[in-house]
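These notes concern the structure reproduced below.
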Amino acid sequence: MNLLQNIKPTLLMGPGPSSVSPRVYEALKTPTIGHLDPRFIDVMDGIKSMLKTLFLTENEFCTAVSGTGSAAMESCFVNLINPGDKVLIVQNGYFSMRMENMCSRLGANIDVLKFDWGFPADPKIVGEKINENNYDIVAVVHAETSTGVRNPIEEISKFISNDTLYIVDAVTSFGTIELNVDKWNIDAVYSCSQKGLSCPPGASPVSFSNKAIQKMKSRKKQIPNWYLDMTELIKYWDGEKRAYHHTAPINMMYALYQGLSDVTTEGIESTITRHQEVHLYLVDGLKKLGLEFLVEKKYRLPSLNSVLIPKGVDDAKIRTSLLNEYQIEIGAGLGPFAGKIWRIGLMGYSAHKDNVDRLLSALSEVL
Ligand SMILES: Cc1ncc(COP(=O)(O)O)c(C=O)c1O
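Each residue of the sequence shown is one higher than the last, beginning at 0 in numbering that gives the first Met the number 0.
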């Protein structure tokens with residue numbers, strides 16, 4: 000028996016992946032061609048140009064890493080950290096802990112500035128820390144998927160000096176909330192395909208400023224990772240003549256191309272407005288069911304809704320019934336919030352009112 004026959008369409012309303020749009024499924028069926036075929040190079044160029052527009056940047060260096068968001072995250076640190084570099088990681092959730100793990104493997108001299116999970120970083124405190132130290136890199140997660148908190152990227156950017164590189168995780172924010180790479184002086188930004196872009200996981204946008212590129216180019220030692228070395232990858236992604244680096248996941252790049260085209264067609268501002276409107280619709284519906292939110296209203300992400308599990312309710316049982324009886328996936332809590340919250344994602348193709356109606360109706364039956 001072919002195990003794939005067991006897999007039925009599921010409405011993905013967890014922390015990611017989000018549901019794949021029918022247009023992206025169609026794009027995935029486009030015939031596979033060679034990774035140096037001029038028609039594929041055109042698709043790569045289309046991805047670069049749409050990324051530039053949607054990231055709101057003049058950065059020439061916009062590309063997609065063959066891999067998931069973590070590979071894109073690693074590509075930023077591995078290319079930009081020299082051993083001994085002073086790095087500040089602002090930490091208030093699971094994904095900034097992953098940043099710390101990656102940076103420690105690269106011999107960085109790390110300061111971790113912790114804030115409570117479920118609360119945003121305080122830009123004043125971050126600013127004081129930056130002013131007291133001469134950091135080479137400051138890294139912050141924009142949309143913390145483990146808690147549903149939006150961090151104040153723009154406010155923190157005001158404390159970043161010319162000698163510092165600002166790295167921002169936009170895995171859950173890109174295509175769901177405002178992200179303005181140039182205005183916020185971001186030097187390296189990375190995202191993923193499987194959330195706001197409604198694609199399967201596997202091809203992840205990144206962009207680097209000229210300041211970041213200068214640092215990569217002036218490194219004395221080789222970048223300590225072959226696959227993610229941007230100074231090599233760029234020879235495949237840019238220039239008149241392209242050179243083989245690795246065999247790109249061709250059909251995943253088609254998917255990414257389509258996902259980006261769809262956001263471009265809808266318009267980035269309308270896409271963001273849709274996420275906010277659908278979020279408010281969900282908040283209203285959950286309130287009627289007597290459910291409460293973990294995060295204070297002004298810091299909430301529309302794309303990741305952390306809902307407190309009512310006393311006496313069996314977390315796993317509810318999620319299992321939603322999945323098995325209603326074909327709806329929602330996420331469990333992580334770390335200190337395991338068993339305490341559900342994480343309801345409204346990202347990309349999943350962020351539509353009819354999906355919210357389906358979830359609310361199922362919840363009202365299982366609770
Ligand atoms: C904020 C954030 N950063 C990084 C990642 C890692 O991305 P991936 O799981 O695609 O490797 C995730 C995944 O959900 C995330 O939410």
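Every residue gets a Cβ at the ideal spot worked out from N, C-alpha and C, and that includes glycine.
By DSSP's criteria, residue 109 is part of a beta bridge. Which residues make up the other side?
86
Can you confirm whether the region 141-155 touches the region 328-343 when touching is taken to mean that 3 or more C-beta pairs between the two stretches lie within less than 8 Å?
yes
Is residue 204 helix, strand or coil when you go by DSSP?
strand
Is the beta carbon of residue 9 sitting closer than 8 Å to the one on residue 253?
Annotated as distal: residue 9 and residue 253, with beta-carbon spacing of 8 Å or more.
Quick check on DSSP: helix, strand or coil for residue 31?
coil
Would you tell me roughly how many angstroms separate the C-alpha atoms of residue 336 and residue 90, rounded to the nearest one?
Going from the Cα of residue 336 to the Cα of residue 90 covers about 16 Å.
Tell me whether residue 142, by its Cβ, gets closer than 7 Å to a heavy atom of ligand 1.
yes
By alpha-carbon positions, which one of 55, 132 and 56 ends up nearest to residue 88?
132
Whole-number beta carbon distance between residue 205 and residue 74, since they are thought to touch under 8 Å:
6 Å
Of the residues 161, 194 and 13, which one's Cα is nearest the Cα of residue 173?
194
For residue 218, which of helix, strand or coil comes out of DSSP?
Residue state for residue 218 is assigned as coil, using DSSP reduced to three classes.
Spell out the partners DSSP gives residue 327 in its beta bridges.
10
In this structure, what does DSSP give as the bridge partners for residue 304?
343
From what residue to what residue does the beta strand (DSSP E) around residue 264 run?
Looking at the DSSP string, residue 264 is not in any beta strand (DSSP E); the run it does join, the alpha helix (DSSP H), is 249-265.
When you compare the region 243-253 with the region 23-40, are there three or more beta-carbon pairs, one atom per stretch, that lie closer than 8 Å?
yes
Pick helix, strand or coil for residue 136, following the three-state DSSP scheme.
strand
Exposed or buried, which one is residue 304 when buried takes at least 16 other CB atoms within 10 Å?
buried
If I follow the unbroken beta strand (DSSP E) through residue 298, where does it start and stop?
Element bounds for residue 298: n/a, residue is neither H nor E.
Where residue 95 falls: helix, strand or coil (DSSP)
helix
Opening and closing residue of the beta strand (DSSP E) in which residue 187 lies:
Element bounds for residue 187: 187-189.
Using 10 angstroms around the beta-carbon of residue 115, count the other beta-carbons present and answer buried if the total reaches 16, otherwise exposed.
exposed
Element boundaries [beta strand (DSSP E), containing residue 166]:
164-168
Is there contact here, the region 303-320 with the region 276-285, by at least three beta-carbon pairs under 8 Å?
yes
What are the boundary residues of the beta strand (DSSP E) that includes residue 60?
60-65
Can you tell me whether residue 243 is buried or exposed? The criterion is at least 16 other CB atoms within 10 Å of its CB, across all chains shown.
exposed
Does DSSP classify residue 38 as helix, strand or coil?
helix
Suppose the cutoff is 6 Å on Cβ atoms and the five residues either side in sequence are ignored; what does the same chain contact list for residue 92 look like?
116, 143, 145 and 146, listed in sequence order.
By Cβ distance below 6 Å, which residues in the same chain neighbour residue 26 in space, the five residues on each side in sequence not counted?
Closer than 6 Å at the Cβ level, and outside the excluded window around residue 26, lie 253, 254 and 257.
Classify residue 336 as helix, strand or coil using the three-state DSSP reduction.
Under the three-state reduction of DSSP, residue 336 is assigned to helix.
At a cut-off of 7 Å, would you count residue 137 as near ligand 1, judging by its Cβ distance to the nearest heavy atom?
no
Quick check: residue 20 and residue 197, are their CB atoms within less than 8 Å of each other?
Going by beta carbons, residue 20 and residue 197 fall inside the 8 Å limit.
Please state the DSSP three-state secondary structure of residue 120.
coil
Classify residue 124 as buried or exposed, calling it buried when 16 or more other Cβ atoms lie within 10 Å of its own Cβ.
exposed
Considering only the alpha carbon of each residue, which of 153, 35, 166 and 62 lies closest to residue 86?
166
Under 8 Å, do residue 107 and residue 129 count as touching if we go by C-beta distance?
no
What residue does the alpha helix (DSSP H) around residue 79 start on, and which one ends it?
From DSSP, the alpha helix (DSSP H) with residue 79 extends over 68-79.
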